[in-house]
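Quick note, the sequence shown lines up with residues 11 to 288 if you use this note's numbering.
All C-beta atoms in this analysis are idealised placements derived from N, C-alpha and C, irrespective of residue type, glycine included.
If you're wondering where the values come from, they're calculated on a predicted model, not measured in any experiment.
Read the structure below first, then the notes.
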Amino acid sequence: MPKSIDALSEARTAELRGLAVAYFPDGRTSRMARPILVAFILAAMADEEYALRTSRRARTTPEQFDFAAMAAHRTMRDRYGRCVFDQYLASASRTSDDRFHTHEQQSAEVLSQGGHEQQSPEVLSQGGNDVPSPLALWPTPVTHKIKDDCMSAFREGTTLHLAATCAVCARRTFSKDILFTPAHLSCDRVSINTVPLEILRIDDPFILDRPGEHFNFGHPDLDGLALHRSGLHLADSPPQIDICNECASSLQKCPPKLPRLALANGNIRGFLPESLQD
Numbered sequence: 011m012p013k014s015i016d017a018l019s020e021a022r023t024a025e026l027r028g029l030a031v032a033y034f035p036d037g038r039t040s041r042m043a044r045p046i047l048v049a050f051i052l053a054a055m056a057d058e059e060y061a062l063r064t065s066r067r068a069r070t071t072p073e074q075f076d077f078a079a080m081a082a083h084r085t086m087r088d089r090y091g092r093c094v095f096d097q098y099l100a101s102a103s104r105t106s107d108d109r110f111h112t113h114e115q116q117s118a119e120v121l122s123q124g125g126h127e128q129q130s131p132e133v134l135s136q137g138g139n140d141v142p143s144p145l146a147l148w149p150t151p152v153t154h155k156i157k158d159d160c161m162s163a164f165r166e167g168t169t170l171h172l173a174a175t176c177a178v179c180a181r182r183t184f185s186k187d188i189l190f191t192p193a194h195l196s197c198d199r200v201s202i203n204t205v206p207l208e209i210l211r212i213d214d215p216f217i218l219d220r221p222g223e224h225f226n227f228g229h230p231d232l233d234g235l236a237l238h239r240s241g242l243h244l245a246d247s248p249p250q251i252d253i254c255n256e257c258a259s260s261l262q263k264c265p266p267k268l269p270r271l272a273l274a275n276g277n278i279r280g281f282l283p284e285s286l287q288d
């Protein structure tokens, strides 16, 4: 079979048809004759190159014009292969396309406005040596301050801090929700006059016979109640306690219900000696 003589003569018809079907599926190219197929591919590649070159940010220097063209050519060469792409660049269809002449004219105008007579605004002279100005560095390098701020924000956002301790059940709460827990536990500080605390009074003889004044808090309304000291604020008048949302929900029922995890609900049998506490 004689070799085809056209703009893409180095590529076989089957290869061109495969490229057209793969990259231009809406073109109905599977049954096109070779001359029509070649014309279609050249036109489609020109449209793609123009789209790639115009999709980039505005160009104001010759270097930016050249970079846009090189980036578009590199993308298309990887896509279509060097053989097809090089023939496309040299084709009459490509060289006579007015759209690319306009780009070349814009580049020449930018160059004539100062490209030869003065240094590019992206280059500064310092002591007789040309050094890149900060404008030439894109993207802008990240400063150490920004890096430090990001690290601090990450550390703060991922670190749990201890918050209040519930005086009723002695559970600690945290500044952020903890993963893999049924619900987020949080504490509110309330006055002892707003919570029915008498239900927390200790009546277990075993606990009452333990040495130490663990449940004497120096306030008549609190002495003898199964409360955790870390959740008490005795300096306030009247005193206040930290109470978690689960315990508060049980105590505010009518009639009040002893919270499931309250210390007074059989969840305390004594205290470790101070030498054994962590």
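Taking C93 as the centre and dropping the five residues before and after it, the same chain places the C-beta of E20, A21 closer than 8 Å to its C-beta, in chain order.
DSSP places V200 in the strand class (E or B) of the three-state scheme. The beta-bridge partner set that DSSP reports for I251 consists of V200, L242. Annotated three-state conformation of F164 is helix, per DSSP.
Bounds of the alpha helix (DSSP H) holding T105 are 102-105. By DSSP's assignment, F184 forms a beta bridge with L172. Contact between the stretch 233-243 and the stretch 148-157 is absent, with fewer than three C-beta pairs closer than 8 Å. Around the beta carbon of F77, fewer than 16 other beta carbons sit within 10 angstroms, so the residue counts as exposed. If you draw a 10 Å sphere on the C-beta of F95, you find 16 or more other C-beta atoms in it, and that means buried.
The continuous alpha helix (DSSP H) containing E25 extends over residues 23-33. Minimum Cα-Cα distance from D252 among the listed residues F164, L207, L18 corresponds to L207. Spatial neighbours of A177 in its own chain (CB-CB distance under 7 Å, excluding positions within 5 residues in sequence) are listed in chain order as L237, H238, G241, L242, I251, D252, I253. Note on I51: 16 or more other CB atoms within 10 angstroms of its CB, so buried under the neighbour-count rule.
In terms of Cβ geometry, A81 and L62 form a close pair [threshold 9 Å]. Take T23, set aside five residues on each side of it, and the residues of its chain with a beta-carbon closer than 6 Å to its own are R44, in chain order. Within the same chain, Cβ atoms closer than 7 Å to the Cβ of G228 are found at L244, the five residues on either side in sequence being excluded.
DSSP places L237 in the coil class of the three-state scheme, outside both helix and strand. S101 counts as buried, since at least 16 other C-beta atoms from the protein chains shown sit within 10 angstroms of its C-beta. For R279, the three-state secondary structure derived from DSSP is coil.
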